[in-house]
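Undergrad:
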Amino acid sequence: MKRFGLPATEKLKSRKAIDALFRGGQRFSVFPVLVWHRWTAGAAEPGLQAGFTCSKKHFKRAHDRNRVKRLLREAYRLQKPELLEAVHGRELHGELFFVFVDKTLPTFAVIHAAVGKSLRHLQKKSHEVAH
RNA sequence: ACUGCAGGCCGCGCUAUCGAUCCCAAACUUUCAGGUUGGGGUAGGAAAGUCCGGACAGCACAGGGCAGCGCAUCCCGCUAACGGCGGGACAUUCCGGCGGCAGAGCCGGGAUCGAGACAGUGCCACAGAAAAUUGGAGCCUGAGCUCCGGGGGCAACCCCGAAGCGUGUGUCCGCCCGCCUUCGUCCGCCCACAGGCGUACUGCGGCGGGGAGACAGGGUAAUCGUGAAAAUGUGGGGUAAGAGCCCACGGCGUUGCAUCGGAAGGUGCUUCGCGGGUAAACCUUGCGCGCUGAAAUGCCAUGUAUAGGAACAACCUGAGGCGGCUCGCUUCAUUCUCCGCAAGGGGAAGUGUUCCAGGGUAGGCAGCUUGAGGCGGCCAGUAAUGGACGUCCCAGAUAAAUGAUAGCGCUCUGACCUGCCUGCGCCCCGGCAAAGGCAGACAGAGACAGAAUCCGGCUUACAGGCCUGCAGUAUUU
RNA sequence: GCCGUUGUAGCUCAGGGGUAGAGCACUUCCUUGGUAAGGAAGAGGUCGUGAGUUCAAUUCUCAUCAACGGCU
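Residue numbering for the first sequence follows this note's numbering, starting at 15 and increasing by one per position.
(1) Can you tell which of 23, 44, 112, 143 has its C-alpha closest to the C-alpha of residue 103?
(2) On the three-state DSSP scale, how would you describe residue 85?
(3) Just to confirm, are residue 63 and residue 98 a CB contact at a threshold of 9 Å?
(4) What residues in its chain sit with their C-beta under 8 Å from that of residue 119, if we drop five residues either side in the sequence?
(5) Given this structure, state the Cα-to-Cα distance separating residue 24 from residue 86, to the nearest angstrom.
(6) Reducing DSSP to helix, strand and coil, say where residue 70 ends up.
(7) Does residue 62 come out as helix, strand or coil in the three-state DSSP assignment?
(8) Indicate the three-state DSSP secondary structure (helix, strand or coil) for residue 101 in the structure shown.
(9) Just tell me which of 33, 110, 123 has its CA closest to the CA of residue 43.
(10) Is it buried or exposed, residue 141, if we count other Cβ atoms within 10 angstroms and call 16 or more buried?
(11) Quick one: what's got a C-beta closer than 7 Å to residue 31's C-beta in the same chain, skipping five residues either side?
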């Protein structure tokens, strides 16, 4: 498997799963990113599924929303392997959702830093869940 | 060369690393399927707005009426179709140039939701007499009514006064009778008054004309501060005053004829008329329009209520009428006919059994990308566009791919720096130099914007660049 | 993706061709020992934006921008 790949199976796509995550999941914020997460212990297929979004209120143009989501996805893709290893070791299934909450178009550096920090935080959270 | 207008076109590139998705191939694990490796493809001119027109799909469809919606100069053409596009013309209007005293006219370019205001209805604030068969002021007329007196002066004229309007306007003359009556006035007498008597004066009275005035009535539409707009303009005649009332020359519309044009329409003569504007007010005329939309539609998986469909069975919706009465025809009522209304047409209806399906769930497949397709030159055409030929397959996602980072290049911009060229000017005459051009360095910027069934248009957004045509300005030849 | 509605004062809304209004809020004054209530006066508008029709547009037409709602 590619170390930095992000195939469709690692994306959170089911409408039901997303609704459940927003209803029953936990969240924390590393500005300008808001992260929702939910963990299932002892899952048959351990792994991660992630989704990315931003508000239509803050970005009117579809072109700008696409840009924000691409940056989020790219930052996640490049920094996730560490977390993924930890998750596989503890036999967890994690559902993540990254929401961009700022109103101005960001640079890649800002996104990269925020996502990296939130992923380290997530690793701590997964550790708590496993024990 | 610059500026302006109109039209058309392009709308960043390359490399490396790490990814996403679709297609093809290979081997691997293997139940479907999945990942791995290799190769190839992957956003626009507007993908946007969703304003028109279609393709495609489902449903509906006896034939009309009303309503509703849309279109609107003429001719020809293009297109699958259009409210779109191309060419030419007409009308209105704007701009520039020529022309010229001013104009007429000519040339070039732009804009136009450009049918109808002699079918009807409505509206036109404020102001103004009046906003569409109007009548205030003014002007003219006017039967009858009121008034036109006195004084000075030779006279011209001056002064005071009538009616009336209103605060200074406006103010007569002729004739007849000068007779009759004694109406009027003055004086005297009788007398409380009424009345009577006497005397004198005036010219009373009648007729005709003129002037002034108020008002009933009538005529008139030339003038009237307005207003966006005031009833065809100018001149003459005409009249009590006036008026297209009449005439001449015009303006606008219209009838007919002639002529030019294929037509809209133009020109000339002629007939009749001259009651404004507004139809992006209602409306009228002509033409066109079934409805819903890929979340359409078909299929698979899951499948418990029993709303639905089909087949079969027998009693076949309810009420009424007719006949040849176990049956048939017909009327009314309820319901459906998938945007409205009324009529009308068509179909169906209750019960049981069996089968299909099915409240829900929100997964998958097809539709889904080969098409009014792209590219290339050729041919036809002024062009829109069409034709044949060759060649290519060129996005297909679905919490939604087409990207991220770094470097190099390209284009544009510059209160800066360096070099070179031209050299307005200054002076010590070979130096300094405004402004401009070229090259380099540095810095900044690279717009508008992201497919969602697919096409044709329209509209809107857009850094920068390129091309074509026309006009103007300057310079050179 | 498709369909529709609404933009008027700080807020909530009228006005549907002829000088832009109401309620609340705001400012000043009166009243009160003071505040509220009450009374009097006042200020505040590119009628979302741009074109057009008209003598005249908040109103009619077209385009555009924004907000909101519905279909599933």
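Glycine included, each C-beta is placed from N, C-alpha and C at the ideal position.
TA: In short, the structure shows the following:
(1) 143
(2) helix
(3) no
(4) 73, 78, 81, 82
(5) 14 Å
(6) coil
(7) strand
(8) helix
(9) 110
(10) exposed
(11) 109
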